[in-house]
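Chemist: When the letters of the sequence shown are read in order and numbered with our numbering, they come out as residues 239 to 496.
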Amino acid sequence: MKDCWEKRTQTPLLILAVAFGVAYAVPIVAPDATPWIHELCLAVEWVVWGAFALDYAVRLALAPSKRHFVRHHPLDLLAVLLPLVQPLRLLRLVSTLLLVGRRARMAPQIRLTTYVAGAVVGLMMFGSLAVLHVERSAPDGNIKTLGDAVWWSFTTMTTVGYGDHAPTTGLGRVLAVGLMLSGIALLGVVTANIAAWFISRFERDDAVERRQTELLEALTLEVRQLRAEVSRLSAPASATSAVPPQGEVPAAPSAPRS
Numbered sequence: 239m240k241d242c243w244e245k246r247t248q249t250p251l252l253i254l255a256v257a258f259g260v261a262y263a264v265p266i267v268a269p270d271a272t273p274w275i276h277e278l279c280l281a282v283e284w285v286v287w288g289a290f291a292l293d294y295a296v297r298l299a300l301a302p303s304k305r306h307f308v309r310h311h312p313l314d315l316l317a318v319l320l321p322l323v324q325p326l327r328l329l330r331l332v333s334t335l336l337l338v339g340r341r342a343r344m345a346p347q348i349r350l351t352t353y354v355a356g357a358v359v360g361l362m363m364f365g366s367l368a369v370l371h372v373e374r375s376a377p378d379g380n381i382k383t384l385g386d387a388v389w390w391s392f393t394t395m396t397t398v399g400y401g402d403h404a405p406t407t408g409l410g411r412v413l414a415v416g417l418m419l420s421g422i423a424l425l426g427v428v429t430a431n432i433a434a435w436f437i438s439r440f441e442r443d444d445a446v447e448r449r450q451t452e453l454l455e456a457l458t459l460e461v462r463q464l465r466a467e468v469s470r471l472s473a474p475a476s477a478t479s480a481v482p483p484q485g486e487v488p489a490a491p492s493a494p495r496s
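#1: Taking its Cβ as the centre, do 16 or more other Cβ atoms sit within 10 Å of P302, making it buried, or is it exposed?
#2: Might you give, ordered along the chain, the residues of its own chain that have their beta carbon closer than 8 Å to the beta carbon of V308, omitting 5 neighbours on each side?
#3: Can you tell me which of L384, N380, R246, V256 puts its alpha carbon nearest to the alpha carbon of S366?
#4: P273 to P312, Cα distance in whole Å?
#5: Could you spell out where the alpha helix (DSSP H) holding T397 opens and where it closes?
#6: On the three-pair Cβ rule with 8 Å, is the segment 433-444 touching the segment 363-382?
#7: Below 7 Å CB to CB, which residues in the same chain sit around T247 once its five sequence neighbours on both sides are set aside?
#8: Which same chain residues, not among the five before or five after T396, have their C-beta less than 7 Å away from its C-beta?
#9: Can you tell me whether DSSP reads P405 as helix, strand or coil?
#10: Counting along the chain, where does the alpha helix (DSSP H) carrying R297 start and finish?
#11: Among residues of its own chain, excluding the 5 on either side of V318, which ones have a beta-carbon nearer than 7 Å to its beta-carbon?
#12: Have a look at D270, V264, V359, F258 and flag the residue whose alpha-carbon is nearest the alpha-carbon of W287.
#13: If you count every other CB in all the chains shown that lies within 10 Å of the CB of H306, and 16 or more means buried, which is it?
#14: To the nearest angstrom, how far is it from the Cα of A255 to the Cα of M363?
#15: For H310, is the classification buried or exposed, using 16 other Cβ atoms within 10 angstroms of its Cβ as the cut-off for buried?
#16: For A387, collect the residues of the same chain with a Cβ closer than 6 Å to its Cβ; drop the 5 residues on either side in sequence, then sort them by chain order.
#17: Pull up the CB-CB distance for T393 and M418, whole angstroms please, since I reckon it's below 8 Å.
#18: Can you have a look at Y400 and say buried or exposed, based on whether 16 or more other CB atoms are within 10 angstroms of its CB?
#19: Return the CA-CA distance between L280 and L300, expressed in angstroms with no decimal places.
#20: If you measure between the beta carbons of V372 and L409, is that distance less than 9 Å?
#21: Could you tell me the alpha carbon to alpha carbon distance between L424 and V354, rounded to whole angstroms?
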């Protein structure tokens, strides 16, 4: 039942994740938009949160072990229990992306590559929006536009840190720490993925080489056995042709003519 529910809700949750991303981004990118747009975006966020909460409750009810499910889905639980804390609203989107990634029915290599690429883009985009929302109204803040926020997110995730743009508020620095740790973690995942790919490729090549060596050895053994069998069968025939048949006298040599 649980697998069936997760399979059926995979696509709707992905659509809700996209809707939440748009609803989160519009008020930040367009702060001067009409009030009804802001109210609509807020309503979409609450609807998405309600859908996430319902999905979590259903999966918890269908799980064989409730304690095991809660222990292995901490982000989903945080996304449901902490909807009012402004920075943690992003966890609803992150948990949905994690959920979709866990349910993807793809090869591990493709799934990991897709997950890393999506995580990088998602963290950069929503990290930029979050820091812009926090720092734009700060008196001493120097991140005032979306371009500045994207540039800051890129340099922070790659741990370059040029220093031309930096958060000045406490919440902005918390976001910076989260982006830095995420960038290091994703870099480690990419490095481990590349190393695992090379190791698996080398192991595959070694297996093919061992298989070819075994085939050559087996073929060599068969050739030796065939040679021995041919020698055994041809030896009596040679001996028989050298001895004259029984009762037959060999012809005397003819005398030379004068």
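The beta-carbon is built from N, C-alpha and C at its ideal position, and this holds for glycine as well. Bear in mind that the values here come from a model prediction, so they are computed numbers and not experimental data.
Modeler: So, from the data block:
#1: Residue numbering aside, residue 302 sits at position 64 when the sequence shown is read from its first letter. P302 should be labelled exposed.
#2: The count along the sequence shown starts at 1 and reaches residue 308 at position 70. Result list for V308: L298, L315, in chain order.
#3: Counting from 1 along the sequence shown, the entry for residue 366 is found at position 128. The shortest C-alpha separation from S366 is found at L384.
#4: Against the sequence shown, residue 273 aligns to sequence position 35. Against the sequence shown, residue 312 aligns to sequence position 74. Computed Cα separation, rounded: 35 Å.
#5: What you label residue 397 is simply residue 159 of the sequence shown in a count that begins at 1. Looking at the DSSP string, T397 is not in any alpha helix (DSSP H), and its letter there is neither H nor E.
#6: Between the segment 433-444 and the segment 363-382, the count of Cβ pairs shorter than 8 Å is below three; the stretches do not touch.
#7: Taking the first residue of the sequence shown as position 1, residue 247 is located at position 9. If we look at T247 and ignore the five residues flanking it on each side, its Cβ neighbours are D293.
#8: Mapped onto the sequence shown, residue 396 falls at position 158. Apart from sequence neighbours up to five positions away, the residues of its chain that approach T396 with a beta-carbon distance below 7 Å are G421, ordered along the chain.
#9: By one-based count along the sequence shown, residue 405 stands at place 167. Three-state result, P405: coil.
#10: Residue numbering aside, residue 297 sits at position 59 when the sequence shown is read from its first letter. Run containing R297: 273-300, per the alpha helix (DSSP H) assignment.
#11: For the purposes of this step, residue 318 is identified with residue 80 of the sequence shown, where counting begins at 1. Contacts found: F290, A291, Y294.
#12: Position 49 of the sequence shown, counting from 1, holds the residue named residue 287. It is F258.
#13: Indexing the sequence shown from 1 puts residue 306 at position 68. When all chains shown are included, H306 counts as exposed.
#14: Here residue 255 corresponds to residue number 17 of the sequence shown, with the count starting at 1. Here residue 363 corresponds to residue number 125 of the sequence shown, with the count starting at 1. One C-alpha to the other measures close to 14 Å.
#15: Along the sequence shown, one-based indexing puts residue 310 at 72. H310 should be labelled exposed.
#16: Here residue 387 is taken as the residue at index 149 of the sequence shown, counted from 1. Cβ within range, chain order: S366, V369, L370, I381.
#17: The count along the sequence shown starts at 1 and reaches residue 393 at position 155. The count along the sequence shown starts at 1 and reaches residue 418 at position 180. The pair is not a contact, with the Cβ atoms about 10 Å apart (cut-off 8 Å).
#18: Within the sequence shown, the letter at position 162 stands for residue 400. It counts as exposed.
#19: As a first step, residue 280 must be located in the sequence shown, where it is residue number 42. As a first step, residue 300 must be located in the sequence shown, where it is residue number 62. Each residue's alpha carbon lies about 30 Å from the other.
#20: The count along the sequence shown starts at 1 and reaches residue 372 at position 134. The count along the sequence shown starts at 1 and reaches residue 409 at position 171. Closer than 9 Å, so yes.
#21: By one-based count along the sequence shown, residue 424 stands at place 186. By one-based count along the sequence shown, residue 354 stands at place 116. Rounded to the nearest angstrom, the two C-alpha atoms are 7 Å apart.
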